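Peer 1: In mature numbering (1 follows the signal peptide of the UniProt record, and there is no 0), the protein residues as written are -22 to -1, 1 to 734. C-beta atoms are modelled at their ideal positions from N, C-alpha and C, and glycine is treated no differently. A quick note: this is a predicted structure, and the numbers were derived from the prediction, not measured.
#1: When the distance is taken between beta carbons, is residue 72 closer than 9 Å to residue 42?
#2: Less than 6 Å between C-beta atoms, sequence neighbours within five positions excluded: which residues of the same chain meet that for residue 676?
#3: I'd like to confirm the pairing. Which residues does DSSP put opposite residue 83 in its beta bridges?
#4: According to DSSP, which residues form a beta bridge with residue 145?
#5: Can you tell me whether DSSP reads residue 449 as helix, strand or coil?
#6: Taking C-beta to C-beta, are residue 555 and residue 527 nearer than 9 Å?
#7: Within 10 Å of its beta-carbon, does residue 367 have 16 or more other beta-carbons around it, so buried, or fewer, so exposed?
#8: Would you report the Cα separation of residue 163 and residue 379, rounded to the nearest angstrom?
#9: Taking the straight line between their C-alpha atoms, what separation do you get for residue 654 and residue 529?
#10: Which value, in whole angstroms, describes the spacing of the CA atoms of residue 627 and residue -3?
#11: Within the same chain, show all residues whose beta-carbon is closer than 7 Å to that of residue 482, passing over the 5 residues directly before and after it, in chain order.
#12: Can you list, in chain order, the residues of its chain whose CB lies under 6 Å from that of residue 65, leaving out five sequence neighbours each side?
#13: Run through the DSSP bridge pairs and tell me what residue 653 is partnered with.
#14: With a threshold of 6 Å on Cβ separation, who are the neighbours of residue 491 within its own chain once the five nearest residues in sequence on each side are excluded?
#15: For the beta strand (DSSP E) containing residue 538, list its first residue and its last residue.
#16: Under three-state DSSP, which class holds residue 30?
#17: Once DSSP output is grouped into helix, strand and coil, what is the label at residue 379?
#18: Tell me the rounded alpha-carbon separation between residue 585 and residue 617.
#19: Considering only their Cβ atoms, is the gap separating residue 92 from residue 81 smaller than 9 Å?
#20: Strictly by DSSP, which residues pair up with residue 475?
#21: Counting along the chain, where does the beta strand (DSSP E) carrying residue 592 start and finish?
#22: As a quick exercise: from 475, 44, 604 and 70, pick the residue whose alpha carbon is nearest that of residue 58.
#23: With a cut-off of 8 Å, do at least 3 Cβ pairs link the stretch 470 to 480 to the stretch 442 to 451?
#24: Assign residue 682 to one of two classes, buried (16 or more other C-beta atoms within 10 Å of its C-beta) or exposed (fewer than that).
#25: How about residue 697 and residue 703: do their beta carbons lie closer than 9 Å?
#26: Per DSSP, what kind of secondary structure is residue 157 in: helix, strand or coil?
#27: Under a Cβ-count criterion, where at least 16 other Cβ atoms within 10 Å of its own Cβ denotes burial, should residue 180 be classed as buried or exposed?
#28: With distances taken between CB atoms, is the gap from residue 688 to residue 660 smaller than 9 Å?
#29: Along the alpha helix (DSSP H) that carries residue 616, what are the first and last residues, could you check?
#30: Which class does residue 716 belong to by DSSP, given the choice of helix, strand or coil?
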């Protein structure tokens, strides 16, 4: 209750613990603590955070980074008096502010967080954490993996984590990788494998108890229903039934229909907690369907409670018995439920037909090939799968329950073997909560077809939520446009699709048998809003791209990278289709596409009345042009009132062309250009200063009315005259926001010469 002026003077003198507790009082007094938290960052972290200009809350940024640094032992709380408070528990008090967390190396952070004294910290993270990242992981022993299991179960299955990302794992531990992938997808086995401090998961016990109560109530209601039905049957004994009903009963259709009506339940929302069934009875419910359905024991109980369903019990009972026998055989030497390998490396050699969903089964796929393919997919024996043999890396879903799963999965620079790809394909086939999938530099090779198989199976689920797919790698095993068409034909509901490859595989034409060319697949009308394609120096054949554009009426962003134009007409055809079929296109980007001989098409794009952002990056625009071409570009942009952003990095503008671009903002201009990117354009300090003076003159002529707000100057030769560059930057920053870097042009030139 201190007066505002006293509180203002007191806040900088508080420890982190006291400052955090005073946050509410400061807000009520109309005081901002942001400057204090920013100073804390500078004093304690002693680094400049990336993208600092976008940070909106320094309190959250500081406490989140503080939590991570303390967890990994890189920050000593005794190093600053503001951190050294006996009331302050670093992990406990900062954990509610942590929305993303990175675990690395030997997963020491996982071990620390699952320690008994940090149980409250883990509970806080379960409510606050949204993004969980793994980076530079190393092989770990079983005790560390057990800690990871507890952590993932609490943060994903019973928490709020919606994104799992993994980075830079050159030689991944297969057990650890499959463990993270499967638990991210919501799969894990119940029973003794899930323990917290030598006791079963309390949240699973609570849900199991609630489910048992609900089941008891349902059975009581069914019992009352059975009594009424028996009574009705006695009263109507001897009365004939309708012929149709009798025929249906004889053929078994009536019983099946009643079975479906009793057993069918609406699927839970993808991101809500699934029921965590515990093995609390003598006969455990170990066999759970891929969608988290009822166990054989539960089905048996339901059948015994309903007289009409008893006729089908014998059929189901034999099938269930077969599944249980297969499960017992498949466990083999891994009978100990405490062993993590029991789940990850259960060899799926027996009949896995029970794992097939209804949609997959009706497609006619052969369950015998499931060990080398995903359920309901086309990955049933191409060369990439067969030559490795066996399925030792694929876990059995029969021993797993379905919990809550994440909606975003990202894998960056993690090599995936054939077995891991098949495991991922199996998981993807039913991962209905997945909204964003990023596979970057995973060395997929021919196994890209295995991943596509899982995605096709996923697309058959009516409640599939996948909206963003990004695939990038060094070598392409199929043409980029073929992969685009393949994904888009299966997922017309995608909003973003990005396909990027560095180099073309020389064996690209040798496709696995049984995987027909996707270039022949008809593309349905799609919801695609953003399409990014990086060609591995492939020709841009519009015959394959145009059908994609015609089917994407909602397209707003298109990026084409590293494509070659086989003839001058190709770009013209592309522009015609964009104008006719993509009226909502707002952003168009060309990177590393030689446009030196396409000046007419460049000018047509710059005068487009719909486009708001155009990028010509390293497109050699002025390689063979005259001064007239530059004048035409300037005059075209001056007349275009819809263009907001023009990006011209890497086009060798030089000083004189940069100075000329200032005329875009002249007094007679109707341009609404806000952002200009002239990075990597051999601009020197004197040229930048002349551009600044000319821009100031135009602004003065227009009475200060100008919409220009951002100028990007990365990787130019501004270090050649530091004093002149500083003066130019100082004057520019009075006009707009300038983003540049301290680039060493001499070193860059030496690097360029060394690789020539």
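Peer 2: Per the coordinate set shown:
#1: yes
#2: 643 and 644
#3: 115
#4: 113 and 390
#5: strand
#6: yes
#7: Only weak support is given to the placement of residue 367: the predicted model assigns it a pLDDT of 35, under 50, and the value that follows is read from those uncertain coordinates. Exposed, by the Cβ-count rule.
#8: 11 Å
#9: 32 Å
#10: 45 Å
#11: 454, 514, 515 and 516
#12: -6
#13: 623 and 688
#14: Caution applies to residue 491, whose pLDDT of 42 falls short of 50 and renders its modelled position unreliable; the value that the coordinates give is listed next. Same-chain partners within the cutoff: there are none.
#15: 535 to 539
#16: helix
#17: strand
#18: 8 Å
#19: no
#20: 447 and 509
#21: 591 to 595
#22: 44
#23: yes
#24: exposed
#25: yes
#26: helix
#27: exposed
#28: no
#29: 605 to 617
#30: strand
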